[in-house]
Structure formats: C-alpha cells, structure tokens
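S.K.:
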Amino acid sequence: MTWTIRPPRAEDQEMLAEIYLSVRRETFVWVDPGKFYREDFAAHTNGETVFVCAHENGSVAGFLSLWPEDDFIHMLYISPEFQGQGAGTALLHALPEWPQHRYRLKCLVKNRRAKAFYLAHGFHVTGNGTSPEGDYEELSFFPA
1 MTWTIRPPRA EDQEMLAEIY LSVRRETFVW VDPGKFYRED FAAHTNGETV
51 FVCAHENGSV AGFLSLWPED DFIHMLYISP EFQGQGAGTA LLHALPEWPQ
101 HRYRLKCLVK NRRAKAFYLA HGFHVTGNGT SPEGDYEELS FFPA
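Have a look at this one:
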C-alpha cells in the first residue's frame with residue numbers, strides 16, 4: 001500500500017475531526033462518549049504540527065500530531081477502515097529525523113492495541129500517570 005504523508009489542508013479539517021471523534025468513541029469504551037466532541041480536534045491540536053496520512057486513492061486515512069518543542073507525539077489516529085495496513089507506521093516514519101531522534105508519548109493502559117503498536121515500533125515504557133480518561137504509561141523511543 002502506498003501512503004502519502006503531508007500537511008493538513010483546509011478541506012481535511014472535517015475528516016480529521018471525524019476520525020478523531022469516531023476513533024475515540026470506538027476505542028475508549030470506558031469513557032462516556034458524550035465527553036467527546038467534533039470540536040475537540042481543533043482545540044487539541046492547536047499549536048501542534050499535524051501530519052496527514054492519505055491513501056493512494058486520496059482518502060484521508062489518519063493523522064499524527066506532534067508537539068515539536070518536547071518531541072511529544074500527542075495523537076496518532078487511524079480510521080478503522082485503514083487500521084492494520086501500515087498507515088500508522090508511515091506516520092511514525094515521517095517524523096523529523098526518525099529513527100535517529102528521541103520521541104515520547106502517553107498511551108492509556110486500557111488501549112492495549114495502541115500500546116502493542118508502539119512497543120512493536122521500538123518504544124519502551126518509561127513512566128506512568130493518571131488522566132481524566134484513565135491510567136496511562138509514558139512510552140519513549142530512543143535512537144539505536
């Protein structure tokens with residue numbers, strides 16, 4: 001499968017917000033879905049660098065948002081129809097200086113599938129904490 005990683009376009013905003021909303025509602029089943037809103041995408045990515053992953057047919061498959069000042073991957077969301085096809089991997093590989101640069105993120109403990117994805121891509125558990133959505137682990141990627 002061929003993926004294109006690019007900056008977001010104005011016409012992507014609705015689709016990105018929909019991916020963010022729908023995947024959160026489907027994945028975080030332990031959180032009241034009424035706490036998630038379409039407007040969250042714009043608010044939660046404000047000031048971040050967003051990478052869009054587009055399928056070879058032009059469809060938006062997902063996105064990654066990065067807080068560059070802290071090398072912090074804030075979000076990586078893939079539409080269910082594209083999960084397991086390499087879109088998430090393509091987004092990680094598009095990060096500046098990947099894999100020669102250190103990155104970190106927080107992953108909810110109950111989100112086992114996401115944690116398995118990050119561990120398979122070389123991240124290691126380096127801490128933990130609690131958020132309104134539940135307990136999380138900090139995962140860090142260290143260059144080889």
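Here the numbering used here is used: the first residue of the sequence shown is 1, the next is one more, and so on.
Don't be surprised by glycine CBs; every beta carbon is placed ideally from N, CA and C.
Computed from a prediction, not measured in an experiment: that's the story for all the values here.
(1) Hey, is the segment 35-44 in contact with the segment 115-122, meaning 3+ C-beta pairs nearer than 8 Å?
(2) Can you tell me the Cβ-Cβ gap for V125 and E133, rounded? I've got them flagged as a contact below 8 Å.
(3) Which residue or residues does DSSP assign as beta-bridge partners of S22?
(4) From D70 to Y103, what distance separates their C-alpha atoms?
(5) Buried or exposed, going by whether 16 or more other CB atoms sit within 10 Å of the CB of F82?
(6) Out of curiosity, what's the CA-to-CA distance linking T130 and P143?
(7) Distance, Cα to Cα, C107 vs L139?
(8) Within its chain, find whatever has a CB closer than 8 Å to the CB of F117; leave out the 5 residues flanking it on each side and keep chain order.
(9) I think I19 touches L91, with their Cβ atoms under 8 Å apart; what is that distance to the nearest whole Å?
(10) Of all the options L105, K110, V23 and A10, which has the alpha carbon lying nearest to the alpha carbon of W67?
(11) Taking DSSP as the reference, what is the three-state secondary structure of K110?
(12) What does the alpha-carbon distance come out to for the pair A114 and T27?
M.R.: In this structure, then:
(1) no
(2) Between E133 and V125 the Cβ distance is about 18 Å, and since that is not below 8 Å, they are no contact.
(3) The partner list for S22 (beta bridge, DSSP) is empty, contrary to what the question assumes.
(4) 8 Å
(5) buried
(6) Answer to the nearest angstrom: the Cα atoms are 27 Å apart.
(7) 7 Å
(8) Short of 8 Å from the beta carbon of F117, and not among the five residues preceding or following it, lie these beta carbons of its own chain, in chain order: G88.
(9) Rounded, the Cβ-Cβ distance is 12 Å, inconsistent with contact.
(10) For W67, the nearest C-alpha among the options comes from L105.
(11) coil
(12) 10 Å
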